[in-house]
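Presented below is the structure to which this report refers.
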Amino acid sequence: MTSSVNGRALDEDMDNQIVQAVCVEDGMVSGSIGMSDFSDEILLSILRHVSTSDLVNNVSWTCRKLHTLCYDKTLLTTVTLSEEYTANDGAIRQVLKHLSNHVQSLSLSGCYWLSGSTIDRLIRCRSLTRLDLSGCRVTSLRLSRLLSSLSRLRSLAFDVSPGFDSAHLSGEARDSLSRLSELSQTVLTPSYGVVPCCSRLLSLQLQLDIPDVTREGTSVCCQLMIGQSSVPHYQQLEEFTARLAPGEVNQTLLLLYLAVFSVHVPERLRCFLVSVPGPNPAHWPAASSLARSLVQHGDLEALQLPRSWLDAASLRQVLLSNAPKHLNFSRCPALRQTVIQSLTGAGARDPTRLVSLNLSGIGHASNYPERGRARGEEELVAEAMSRLVIGCPDLSHLNLSHTHYHHDDTHTPGLEDNAHLCTSLAKLAHLRSLALPVCALSDSSHTPSPPPSSSSSSSSSSSSLLGLRKPSRVGLQTYRPGCDDSLPREGTSGLGTLLSGCPRLEVLELTGPGFVSALPRLEPCAGPRADQSACAYARRVGDEHIAALRGFRGLRTLTLAGLPGILKGSGLVQVAERCRDLRALSLANLGSLKTWNYSAALLDTLRNCTQLTQLRLEQPYLVCNGAFWEALSCCSRLRRLCLVSRNGTFHPAAVVTFMECCRDVTVCHMFLGGTLAACRTLQKTLLDRFSGERPALSVVIHPLLHEDLPLVIRDMPLPLLDQLTLFQSRVAQAPPSSQLGHQREKSQLANQSPSSPW
């Protein structure tokens, strides 16, 4: 009884007085701000920025008014728990208990740490219409129990793991699947999953991530799928998306999913995105039928096909009959001329509707081998890019990586002022994300004059002082904090124009020629590794160019990979000081690959990245000593960390101290040098010490060159690989912000009757 009375007294006190504000310097009367002084609308706007777990388990117990507002339907109808890394099974169960009567859309995507018994609690959320369980532990029996209880479900996402058997699905579960309009499957074993049970699908999204061999070394065969009760039909399908990991099994499985297209292409299909990595995608006989259907119906919204699935003539007809918003022609150089001509002339119905465009690796073959063009990387033509920008003025996402751009000072007829590529891109006022080749930042091919030699320096000095003065270093200057203002500014005029024209840029990727990560994701190297210093234009892009990026004040994600011209790294410090909203930073192979010449500047950079939540560093020689971990501790909001270095070293005690300081770190992946025993010891220490307070903690510390590294990566949760560990471009890879799904949902809502469960 006493505790309840004290609780009521505390509630009343907090209800009447939340903040005490005393202002005597300005002559203001001392007073308090009561809860009644804030409207419900203002408080709800504030509470929308609080995680659902904190709303239910903490904030709702503060006072009566907040308790009522925390359970407002506007906050609990759509719930995302994907980023609740500090919430354990008990906390999530409490949330599900209180949300069971409210939530209609729930995402547990990437919650790999939740137990199966917690997933079973979703049975109580009977009002669910959308459920995302990607990355969670879902067996065929567990899925059957869930679907049997969730009769209103219309959208489902889950993983098809080894051992999944659709024969375990009950009749009630199959009825629920027959009513689905959206399905997303991450397929980890050869299987159709639940696709044959979904007869009313409007959207199907597949991620095929099956290794060619098992852990035991036996080959995986897709013939295991023979004998299933039925195959997909897709009569009402509007969107088909398939994203493949490298491997022959994944390509074979994709053709099985698409086999029905040889008989009948869905008439309402308006989004077809298929991403197949590697230089030789498997042939698909129904590609021509798909092209004819797209031309006939003319309502295409998004298109991506492997390089061998569509010829230039068919593509020209498709673009002439449609006005898509997203196009992805990555690694399709044979289609370069058709794409550019269609989007810049009268070859497309309405190119101004285009929002996202991926032309990665689709440049023009260079006639100048001395420019150092890496194998598989083509050169962009300034005139064509200028016309492309004029024809597609509303582009928000543009990917031009894996190409070259070499600006010439000679005048090109018909090109206004011989515009630099950056000058043309500056006209895209709506641009939000951009991926460029590093050489595109250089204004000319004139190489910088070499630094003075030690002999010339000594000749101007008195011979009596030669033995008393330390000679200057040749080629590599020492980084000194505070010397940034002395950086040269010549050679960055094109970049300056881009800064002024695209001030709202949030995502920027700069990739050097021939760069290949030691841990690539979906783009395996098409040929031998190229020398990243081979391109003279790329060598000219140095610290002053990186420093100029500080003009993108709203930058949130920055990727710099394969920049041979970086000497001191002082430009990184300026970016960190000015771009205060930077959340994700990825640096790979900057400067010399035989040493780590920007280490001092990197420490200053980390001390200024107070908002950073994700960091990936890849360099052959990383020295992760005490000073490095101390500087990294200044990134107090850091959540994910990945270090990749074949000759890197680490200090175990400093790593433990860093983990104690940065309480939000839940992903720590280190692939460095050292012995396997030392790596396993540190990994075990971190897991034993911090797993209790961080339920989602993922620690993987392993020698980069060890033979069993592929098996270690295979056992890691797939969401972590995609988010951080494996290097990949993210610009213009998919339609932005699921705009197609939102449009479909609005269309469905407009056509519903008042009695519809939607």
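First residue of the sequence shown: 0, per numbering that gives the first Met the number 0; consecutive thereafter.
Using N, Cα and C, we set each Cβ at its ideal position, and we do this for glycine too.
For clarity, every value in this text was computed on a predicted model and none was experimentally measured.
- Taking the C-beta atoms as reference points, Pro512 is found nearer than 7 Å to Ala537.
- By the C-beta density criterion, Asp208 is buried, having at least 16 other C-beta atoms within 10 angstroms.
- Under the DSSP assignment, His167 falls outside any alpha helix (DSSP H); it carries neither an H nor an E label.
- Counting only runs of at least 4 residues, the region 145-212 fully encloses the following alpha helix (DSSP H) elements, listed from N- to C-terminal order: 170-177.
- Check the Cα spacing between Pro305 and each of Ile361, Met658 and Tyr620: the tightest is with Ile361.
- Secondary structure at Val58: helix, using DSSP grouped into helix, strand and coil.
- The region 500-580 is shown to contain whole beta strand (DSSP E) runs of 3 or more residues at 506-510 and 556-562, in chain order.
- Beyond the five residues adjoining it in sequence on each side, Val58 comes within less than 8 Å, by CB distance, of Leu46, Val49, Leu65 and Cys69 in the same chain, given in chain order.
- Fewer than three Cβ pairs drawn from the region 70-79 and the region 616-636 lie within less than 8 Å of each other, which leaves the two stretches out of contact.
- In terms of CA proximity to Gln295, Val264 leads the group His401, Val275, Ala285 and Val264.
- Gly170 is classed as exposed because its beta carbon has fewer than 16 other beta carbons within 10 Å across all chains shown.
- Below 8 Å, enough C-beta pairs join the region 498-515 and the region 724-731 to call them touching: three or more.
- Here His406 is not near Glu378, since their CB atoms are 7 Å or more apart.
- Here Asp714 is exposed: its Cβ has fewer than 16 other Cβ atoms, across all protein chains shown, within 10 Å.
- The residues Ala630 and Cys633, in chain order, have a CB closer than 7 Å to that of Arg606 in the same chain once the five nearest residues on each side in sequence are set aside.
- Boundaries of the alpha helix (DSSP H) around Phe627: Gly625 to Leu631.
- For Asn321, there is no enclosing beta strand (DSSP E), as DSSP gives it neither H nor E.
- Uninterrupted beta strand (DSSP E) stretches at least 3 residues long and entirely within the region 680-720 occur at 697-702, given in chain order.
- When DSSP states are grouped into helix, strand and coil, Phe328 belongs to the coil group.
- By the C-beta criterion, the region 680-691 is judged to be in contact with the region 640-656, since at least 3 inter-stretch pairs fall below 8 Å.
- Secondary structure at His396: strand, using DSSP grouped into helix, strand and coil.
- In the assembly as shown, Asn624 is an exposed residue. Its beta-carbon has fewer than 16 other beta-carbons within 10 Å.
- His668 is the residue among His668, Tyr620, Val698 and Val622 whose C-alpha sits nearest the C-alpha of Cys641.
- Straight through space, the alpha carbons of Pro245 and Gly277 are spaced by roughly 7 Å.
- For Ser598, the closest C-alpha among the options Leu581, Lys567 and Glu706 is that of Lys567.
- In the DSSP assignment, Asp131 falls within the beta strand (DSSP E) that extends over Arg129 to Asp131.
- About 7 Å separates the beta carbons of Ile91 and Leu80, which is inside the 8 Å limit, making them a contact pair.
- Inter-residue distance for Val193 and Leu427 is about 43 Å (C-alpha atoms, whole angstroms).
- By the beta-carbon neighbour count (other beta carbons within 10 angstroms, threshold 16), Gly134 is buried.
- Gln303: member of the beta strand (DSSP E) spanning Ala301 to Gln303, first to last residue.
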